[in-house]
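Just so you know, the sequences run in chain order A and B.
Start counting the first sequence at 1; every next residue gets the next number (our numbering).
Start counting the second sequence at 1001; every next residue gets the next number (our numbering).
Don't be surprised by glycine CBs; every beta carbon is placed ideally from N, CA and C.
Only a predicted model underlies this, so the values are computations on that prediction, with no experimental measurement involved.
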Amino acid sequence: MDILFRTIAIVIEVLILAAISYAVLHGVRLTASDLGIGPRYGKAVVLALLAVGFIVLIFFIAHLTTFYPAV
Amino acid sequence: MSSGEIFWAGQLIYIREIFLPVIIGVLVFVPLLVAAFVFGFGRHYRLWKLGQPDDRSGHWWQRLVTTLAVAITNIRIIRGKELYPGIMHALIFGGAAILVLGKITRLFSYVTGITNPPQTVYLYASWAAEAGGVLLLIGGILAVIRRYVIRPARLDNMPEDSLLYVWIFLIVLTGFMVKGYRIAASDTTVTDWTLWSPVGYGLSHIFPSFLVEAKNEILVWHRAIIHTVPAFILLGYIWVNRSRLQHILLSPVNIFFRSLRPKGALTPVDFETTELFGVSKIEDYTWKQLMDLDACTRCGRCQDVCPANFSGKALSPKQVILDLKDHLYETYPVPWQKKPVEARKDMIAEVITDEAIWDCTTCRACMEACPVYVEHVDKIIDMRRNLAMEQSRFPEEVQNTLKSLGARGHPFRGTTATRTTWYEGLEVPDLSENENPEILYWVGCTAALEDRNMSIARAMVAILRAAGVNFAVLGEEESCCGDPARRMGDEYLFQTICQSNIEILKAHDVKKILTACPHCFNTLKHEYPQFGGNFEVIHHTQFILDLLRQRRLILGRLEPAKIAYHDSCYLGRYNDIYEEPRLILSVLRGIRAVELKRCRSNSFCCGGGGGHMWMEEDPDKRVSNRRVDEIIQAKVDIVATACPYCLTMFEDGIKAREAEETLRVKDLSELIAEALEKD
């Protein structure tokens, strides 16, 4: 039962952190666009941000599963 | 220890370890935040600067007070028919404002020590921030239900919109979670958590199930989340300049610079200095019109009230604004790039179609409904000006009407009537026969030349004579006031007509003008002064009411009838004359006056404005037929009007709906003249 609650808690934390990361990275994309990085590089910017987002998310999951306290 | 001190002791736990990094984080982010904000705002400013000059200076105090009043009270959003979105917006706005104020008070009370806890202000700020968060969440939930469950047709959904809801929800939720973590990790027994932090305290109940040694880990996450908040705010500022949220910033600015000229006055073209005849490129608009495009919140209120859109025509005022905005951003995509004109879309035809441009009846319902004072009609008229004066591209009926106006001084092509036909046998004096009248009765083209409307002019003569008013008409010297030419975009023709009329009126030393036509009234009162024609202009509803108040008219009892008054756009929305017609109806004995469902500032156009009186329309899409349908639903015997355009359009609509047996349309002057006869 404790494992189940812990898993649910971690999933909720990951969802919140994923949403936060998405919001932040989306803002960075808009800023890049405003700074003059035109549609030509748009795809590259999105791919780069996706990669950053993916790494950040992996870190969050690894951290949570390793250090998240027992319930 | 007092409850406040206990509360503060609970807050103090780990506060230096946790709060200090947050303050450092905020201080690091502040320059970035300011830079992002300035850059984002600069992006808008650069685009507005592309526009033509438009003097919106002066009346600073009036502008400031109105802006604050509109922004704080949400008065243009909370309206009778818009209660749900109004309350929703008020909850979001009010909740966010209280939340921010509470948070700032708490932050500064700790940093500065000015309100060193446990002073009361800190406790109230804690409570206020939580209450604000709850209001914001309720408003957000109402918004989500409206956007994704109710789904009004006027709303368009973009991916960013749903992201915004997630973003706002996360900011509030993480705020509550931080508080909950802190309470859960605190060793202090605090009895007043429920009072000062009710939501945080509730959330903290989720956490005590952790083991004691887990508390440090909880604090790690507490720290992680609270550190993310400044980043959130930073991104929020970027979004404030980029997304739908930009209205938080741009709406007040747009309201501040709203037009303070009379509502019915279009901006004149100075033909001696200008090289622009209307607008064909996006930069031909003024800076304020470009700001309008940015300030639009996509709420769709303008679309909902647009008679053309309601009747199934191509025009949607909302879409016009959004299409122009997209075109602006396509043309100037990044600060230092600009597409050459040749590579752009043709603004008139490709971005905004001719059909949409000519569909507008200039009824001003869109502008009245807009919460942020976007000026839709002016933009459409500017495009018409280009079509009419630069490109000579207009529907055939418009062309014929303008030709008739230029050649014969009135828009009724094919009529055999003259300016004096209506008063044959009535011995109405013109200014050559009565050189010093108390008032000049300006008959207007419709009442003088259109068969059905001639009875309005005759009724006015009966009223003036019954009241013993010394009046005269211009007779053959009267010409069109120029309203149809101006609204159809031929500003040059309008100015020619206007200046000629002013010369005639001045030559006769006219001081006071009475007219039964709201279009003539609006043009003579608000647009002639632009060219030196300053006269006292009175609409017949104002004049008749004045005569009634002076007891100069003795009225008999009319045949029993149920009557509804239809508000003319140019009398109501353009000139705020709503009470006078109703007061006239209220003194008529024998009749019962009722209100139509859409009345006063929410009135629905008859379909005759903007030159549509003389334009052919698809019978299935006639605005007049839709309005007549609404009047029929009200089950009235008579629909009263105070505008010859409305009267003509309704006569056509009643015939189209085959309702002649049950519904009649009468001008208020006709009803008064009838009552005079009954005396």
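Would you say residue i and residue j are within 9 Å of each other, going by their C-beta atoms?
i: residue 1404 of chain B; j: residue 1394 of chain B; result: no
i: residue 1129 of chain B; j: residue 1106 of chain B; result: yes
i: residue 1298 of chain B; j: residue 30 of chain A; result: no
i: residue 1665 of chain B; j: residue 1623 of chain B; result: no
i: residue 1222 of chain B; j: residue 1285 of chain B; result: no
i: residue 1632 of chain B; j: residue 1566 of chain B; result: no
i: residue 1676 of chain B; j: residue 1462 of chain B; result: yes
i: residue 1416 of chain B; j: residue 1476 of chain B; result: no
i: residue 1442 of chain B; j: residue 1513 of chain B; result: yes
i: residue 1255 of chain B; j: residue 1377 of chain B; result: no
i: residue 1406 of chain B; j: residue 1331 of chain B; result: no
i: residue 1348 of chain B; j: residue 1315 of chain B; result: no
i: residue 1686 of chain B; j: residue 1287 of chain B; result: With chain B represented from 1001 up to 1679, any question about residue 1686 of chain B goes unanswered, as that position is not in the structure.
i: residue 1135 of chain B; j: residue 1183 of chain B; result: no
i: residue 1505 of chain B; j: residue 1541 of chain B; result: no
i: residue 1526 of chain B; j: residue 1580 of chain B; result: no
i: residue 1385 of chain B; j: residue 1277 of chain B; result: yes
i: residue 1302 of chain B; j: residue 1383 of chain B; result: no
i: residue 61 of chain A; j: residue 10 of chain A; result: yes
i: residue 1459 of chain B; j: residue 1275 of chain B; result: no
Please name the residue or residues paired with residue i in a DSSP beta bridge.
i: residue 1512 of chain B; result: B:1536
i: residue 1439 of chain B; result: B:1471
i: residue 1664 of chain B; result: B:1638
i: residue 1385 of chain B; result: DSSP, once it has assigned bridges, lists no residue as partnering residue 1385 of chain B.
i: residue 1076 of chain B; result: Per DSSP, none; premise fails for residue 1076 of chain B.
i: residue 1345 of chain B; result: None, per the DSSP bridge assignment.
i: residue 1593 of chain B; result: B:1563
i: residue 1052 of chain B; result: B:1286
i: residue 1502 of chain B; result: DSSP, once it has assigned bridges, lists no residue as partnering residue 1502 of chain B.
Quick one: using the 10 Å Cβ neighbour count with 16 as the cut-off for buried, is residue i buried or exposed?
i: residue 1125 of chain B; result: buried
i: residue 1139 of chain B; result: buried
i: residue 1562 of chain B; result: exposed
i: residue 1237 of chain B; result: buried
i: residue 1361 of chain B; result: buried
i: residue 15 of chain A; result: exposed
i: residue 1359 of chain B; result: buried
i: residue 1117 of chain B; result: In this predicted model, residue 1117 of chain B has a pLDDT of only 49, less than 50, meaning its place in the structure is not dependable; the value taken from the coordinates is given anyway. Burial call: buried.
i: residue 1157 of chain B; result: exposed
i: residue 1568 of chain B; result: buried
i: residue 1185 of chain B; result: buried
i: residue 1065 of chain B; result: exposed
i: residue 1490 of chain B; result: buried
i: residue 1325 of chain B; result: buried
i: residue 51 of chain A; result: exposed
As a quick exercise: from the options, pick the residue whose alpha carbon is nearest that of residue i.
i: residue 1162 of chain B; options: B:1145, B:1541, B:1364, B:1272; result: B:1145
i: residue 53 of chain A; options: A:34, A:23, A:8, A:3; result: A:23
i: residue 1154 of chain B; options: B:1560, B:1309, B:1071; result: B:1309
i: residue 1455 of chain B; options: B:1429, B:1621, B:1315, B:1673; result: B:1673
i: residue 1374 of chain B; options: B:1466, B:1349, B:1257, B:1383; result: B:1257
i: residue 1585 of chain B; options: B:1577, B:1596, B:1564, B:1575; result: B:1564
i: residue 1516 of chain B; options: B:1159, B:1552, B:1556, B:1577; result: B:1577
i: residue 1245 of chain B; options: B:1199, B:1196, B:1202, B:1168; result: B:1168
i: residue 1479 of chain B; options: B:1493, B:1344, B:1488; result: B:1493
i: residue 1426 of chain B; options: B:1351, B:1365, B:1465; result: B:1465
i: residue 1103 of chain B; options: B:1178, B:1078, B:1553; result: B:1178
i: residue 982 of chain B; options: B:1205, B:1371, B:1431, B:1133; result: Nothing can be reported for residue 982 of chain B, as the shown portion of chain B is limited to 1001 through 1679.
i: residue 1629 of chain B; options: B:1617, B:1612, B:1645, B:1604; result: B:1604
i: residue 1647 of chain B; options: B:1678, B:1619, B:1637, B:1608; result: B:1608
i: residue 46 of chain A; options: A:55, A:9, A:28, A:36; result: A:28
i: residue 1289 of chain B; options: B:1307, B:1262, B:1320; result: B:1320
i: residue 1593 of chain B; options: B:1151, B:1030, B:1583; result: B:1583
i: residue 1469 of chain B; options: B:1445, B:1410, B:1401, B:1550; result: B:1550
i: residue 1401 of chain B; options: B:1231, B:1176, B:1488, B:1270; result: B:1488
Quick check on residue i - is its C-beta less than 9 Å from some C-beta in chain E?
i: residue 1092 of chain B; result: Of the protein chains in this structure, namely A and B, none is chain E.
(message) Residues of the segment 29-57 of chain A in Cβ contact with chain B at a cutoff of 7 Å, in chain order, please.
(response) 30, 31, 34, 36, 38
(request) Scan the segment 1031-1049 of chain B for residues whose Cβ lies nearer than 8 Å to a Cβ of chain A and list them as they occur along the chain. (result) Against chain A - using a Cβ distance shorter than 8 Å - the residues of the segment 1031-1049 of chain B are 1036, 1039, 1040, 1043.
(message) Counting only Cβ-Cβ distances shorter than 7 Å, please list the residues of the segment 1234-1256 of chain B near chain A, keeping chain order.
(response) 1235, 1238, 1239, 1242
(message) Give me the subset of the segment 1071-1105 of chain B whose CB atoms are less than 8 Å from a CB atom of chain A, sorted by chain position.
(response) Result list empty, no residue passes.
(request) With 8 Å as the C-beta to C-beta threshold (strictly closer), list the residues of the segment 1163-1174 of chain B near chain A in chain order. (result) Of all residues in the segment 1163-1174 of chain B, 1163, 1166, 1167, 1170, 1173, 1174 have a Cβ within less than 8 Å of some Cβ in chain A.
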